DNA sequence: TATTAATTAAGAATCATTTTCCTTTTGATG
DNA sequence: CATCAAAAGGAAAATGATTCTTAATTAATA
Ligand SMILES: [Mn+2]
Ligand SMILES: [Mn+2]
Ligand SMILES: [Zn+2]
Ligand SMILES: [Zn+2]
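Chains as they are written, first to last, in the numbering used here: chain A, 1 to 154; chain B, 1001 to 1154.
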């Protein structure tokens, strides 16, 4: 007897547990639909859109509505278990693997999103706080351009 | 006889001329409505919203429609004469004084936006290009928190 | 099993922005 | 100055992502 679904890699597994634990601690139920959303967030590094998450949840639970996906994301956001990348013109994208703020490279053609580690980000946030007088709580640092694939094709 | 309107400061005046010149070079007409939008953009450091710009234009030209403001902003964006700060949840804000990308501090309570000079921004963009393999064309670097006023009140 | 609260589905509503379509204005030309 | 074509403006409808509302379903637990 073979597995129908490939087992999630351990790192993804760990994130699923972190997220379910966060929900439990907040007194929230782990429903099948929520678990499906969690798994997609923990297993995907493409920074999926709501629509993309919904497509995948519907495969497993065909009656699921978009609103449920939105609500689950709002809930996870409030627990800092997912990072929302809010774009004005293309709708939001979500990162469930690395839920704290970090910089992103965004392809203007195909929408691919990469998140390489960048040094000096925290220093920059502190410098911004110092110079502006604002208390800085979070940031969204987006660099827009063309991904390697689209550069070749362009 | 006194002036009804305060004369715009020279720096603002220079920006108005730059913008009108850019429109002319693009073969676009300088209509009264467009000029009104230009003046507001050149004279305001609050990073006004569309709504805010509209309010002020309507004072001078009461029949102006929101669509005209949107169309003018789209035109100015295409000429790189205004910088759009696109926020997913609060609508866009515009900077006509400094139309090239630069970092901002955004108050989550009152919506105030500051733009102190920050060093090492270009280095960071280059580092992002190097590490991601993307060709980076522009960026939007937003730091969210509380402005000095709202810190006191909170 | 009964009680209660949480969650869900489905569709309506919202809100910023864009589009459509018609009217007005503009600038060139005679 | 009169005429005309093109550009721009105005009003309202359309759009699209997101949120809200309501009623039905489900889960927790007494
Ligand atoms: Mn990321
Ligand atoms: Mn600015
Ligand atoms: Zn690409
Ligand atoms: Zn404030």
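The beta carbon of each residue, even a glycine, is placed where N, CA and C say it ideally should be.
Quick caveat, the model's predicted, so the values are computed rather than measured.
Inset, instruction - Could you tell me whether any Cβ in chain A is nearer than 8 Å to the Cβ of residue 1032/B? - result: In the second chain, residue 1032/B corresponds to position 32, counting from 1. Not closer than 8 Å to any Cβ of chain A, the Cβ of residue 1032/B fails to qualify, so no.
Legend entry - Any C-beta of chain B under 8 Å from that of residue 124/A: Reading the first chain from its first residue, position 124 is the one you call residue 124/A. Yes, residue 124/A lies at the interface with chain B (some Cβ there is under 8 Å from its Cβ).
Inset, instruction - Could you please tell me which residues of the stretch 64-89 of chain A, in chain order, have their CB closer than 7 Å to any CB of chain B? - result: Within the stretch 64-89 of chain A, the qualifying residues are 86, 87, 88 and 89.
Inset, instruction - Please determine if the stretch 116-131 of chain A and the stretch 75-88 of chain A are in contact, where contact requires at least 3 C-beta pairs separated by less than 8 Å. - result: No: fewer than three Cβ pairs fall under 8 Å.
Inset, instruction - Starting from residue 26/A, follow its DSSP beta bridges and name the residues at the other end. - result: For the purposes of this step, residue 26/A is taken as residue 26 along the first chain, with counting starting at 1. Residue pairing from DSSP leaves residue 26/A without any beta-bridge partner.
Inset, instruction - Taking only heavy atoms of ligand 3 into account, decide whether any of them is closer than 7 Å to the Cβ of residue 109/A. - result: For the purposes of this step, residue 109/A is taken as the residue at position 109 of the first chain. Within the cutoff, so yes.
Inset, instruction - Return yes when the C-beta of residue 85/A is under 7 Å from any heavy atom of ligand 3, and no when it is not. - result: Locating residue 85/A in the first chain gives position 85, where the first residue counts as 1. Incorrect: residue 85/A has no Cβ contact closer than 7 Å to ligand 3.
Inset, instruction - Might you give, ordered along the chain, the residues of its own chain that have their beta carbon closer than 7 Å to the beta carbon of residue 138/A, omitting 5 neighbours on each side? - result: For the purposes of this step, residue 138/A is taken as residue 138 along the first chain, with counting starting at 1. Cβ within range, chain order: 101.
Inset, instruction - Using the Cα positions of residue 72/A and residue 90/A, report the straight-line distance between them to the nearest angstrom. - result: Counting from one through the first chain, the residue named residue 72/A turns up at place 72. Counting from one through the first chain, the residue named residue 90/A turns up at place 90. So the alpha carbons of these two residues sit roughly 20 Å apart.
Legend entry - Contacting residues, own chain, Cβ-Cβ under 6 Å from residue 130/A (five flanking each side not counted): Taking the first residue of the first chain as position 1, residue 130/A is located at position 130. The beta carbon of residue 130/A sits closer than 6 Å to none of the beta carbons in its chain outside the five residues before and after it.
Legend entry - CB contact flag (residue 1143/B, residue 136/A, <8 Å): Along the second chain, read from residue 1 onward, the residue named residue 1143/B stands at position 143. Along the first chain, read from residue 1 onward, the residue named residue 136/A stands at position 136. In this structure, the beta-carbon distance from residue 1143/B to residue 136/A falls below 8 Å.
Inset, instruction - Tell me where the alpha helix (DSSP H) around residue 145/A begins and ends. - result: If you number the first chain from 1, residue 145/A lands on position 145. Residue 145/A -> not in any alpha helix (DSSP H); beta strand (DSSP E) instead, spanning 135-146.
Inset, instruction - Using beta-carbon positions only, say whether residue 1103/B and residue 1118/B come within less than 8 Å of one another. - result: Counting from one through the second chain, the residue named residue 1103/B turns up at place 103. Counting from one through the second chain, the residue named residue 1118/B turns up at place 118. Taking 8 Å as the cut-off, the Cβ atoms of residue 1103/B and residue 1118/B count as close.
Inset, instruction - May I ask you to list the residues that DSSP assigns as paired with residue 94/A? - result: In the first chain, the residue the question calls residue 94/A occupies position 94. 84/A.
Inset, instruction - Would you be able to state if there are at least three C-beta pairs under 8 Å between the stretch 36-43 of chain A and the stretch 51-64 of chain A? - result: Yes: at least three Cβ pairs fall under 8 Å.
Legend entry - Enclosing beta strand (DSSP E) for residue 105/A [first to last residue]: For the purposes of this step, residue 105/A is taken as the residue at position 105 of the first chain. Unbroken beta strand (DSSP E) run through residue 105/A: 104-107.
Legend entry - Whole-number beta carbon distance between residue 75/A and residue 28/A, since they are thought to touch under 8 Å: Taking the first residue of the first chain as position 1, residue 28/A is located at position 28. Taking the first residue of the first chain as position 1, residue 75/A is located at position 75. A Cβ-Cβ separation of about 7 Å places residue 28/A in contact with residue 75/A under the 8 Å criterion.
Inset, instruction - Rounded to whole angstroms, what's the CA-CA distance from residue 3/A to residue 14/A? Just pull it up for me. - result: Within the first chain, numbered from 1, the residue matching residue 3/A stands at position 3. Within the first chain, numbered from 1, the residue matching residue 14/A stands at position 14. Reliability fails at residue 3/A, whose pLDDT of 44 lies under 50, so the model's placement of it is uncertain and no value is given.
Legend entry - Residue span of the alpha helix (DSSP H) that contains residue 1045/B, given as start and end: Looking up residue 1045/B in the second chain gives position 45. Careful: residue 1045/B lies outside any alpha helix (DSSP H) and carries neither H nor E.
Legend entry - CB contact flag (residue 1041/B, residue 1030/B, <8 Å): Translated into positions along the second chain, residue 1041/B becomes position 41. Translated into positions along the second chain, residue 1030/B becomes position 30. At a Cβ-Cβ threshold of 8 Å, residue 1041/B and residue 1030/B do not count as neighbours.
Legend entry - Best match in 95/A, 88/A, 59/A and 99/A for proximity to residue 1094/B [C-alpha to C-alpha]: Position 94 of the second chain, counted from the start, is the residue given in the question as residue 1094/B. Nearest option by C-alpha distance: 88/A.
Legend entry - Per-residue burial, residue 149/A [other beta carbons within 10 Å of its own, 16 or more giving buried]: Start at 1 with the first residue of the first chain, and residue 149/A comes out as number 149. Classified as exposed, residue 149/A has fewer than 16 neighbouring CB atoms from the shown chains inside 10 Å of its CB.
Inset, instruction - Kindly list, in the order they appear in chain B, the residues whose Cβ is closer than 9 Å to that of residue 120/A. - result: For this step, residue 120/A is matched to residue 120 along the first chain. The answer, in chain order, is 1120, 1123, 1124 and 1127.
Legend entry - Where residue 132/A meets chain B, residues with beta-carbon distance less than 7 Å: The residue labelled residue 132/A in the question sits at position 132 within the first chain. At a C-beta separation below 7 Å, residue 132/A has these neighbours in chain B: 1105, 1114 and 1116.
Inset, instruction - Out of 46/A, 63/A, 132/A and 60/A, state which residue places its alpha-carbon closest to the alpha-carbon of residue 116/A. - result: Translated into the one-based positions of the first chain, residue 116/A becomes position 116. When each option's Cα is compared against that of residue 116/A, the closest is 46/A.
Inset, instruction - Express the C-alpha separation of residue 1016/B and residue 1010/B in angstroms, rounding to a whole number. - result: Here the question's residue 1010/B lines up with position 10 in the second chain. Here the question's residue 1016/B lines up with position 16 in the second chain. Rounded to the nearest angstrom, the gap between the Cα atoms of residue 1010/B and residue 1016/B is 10 Å.
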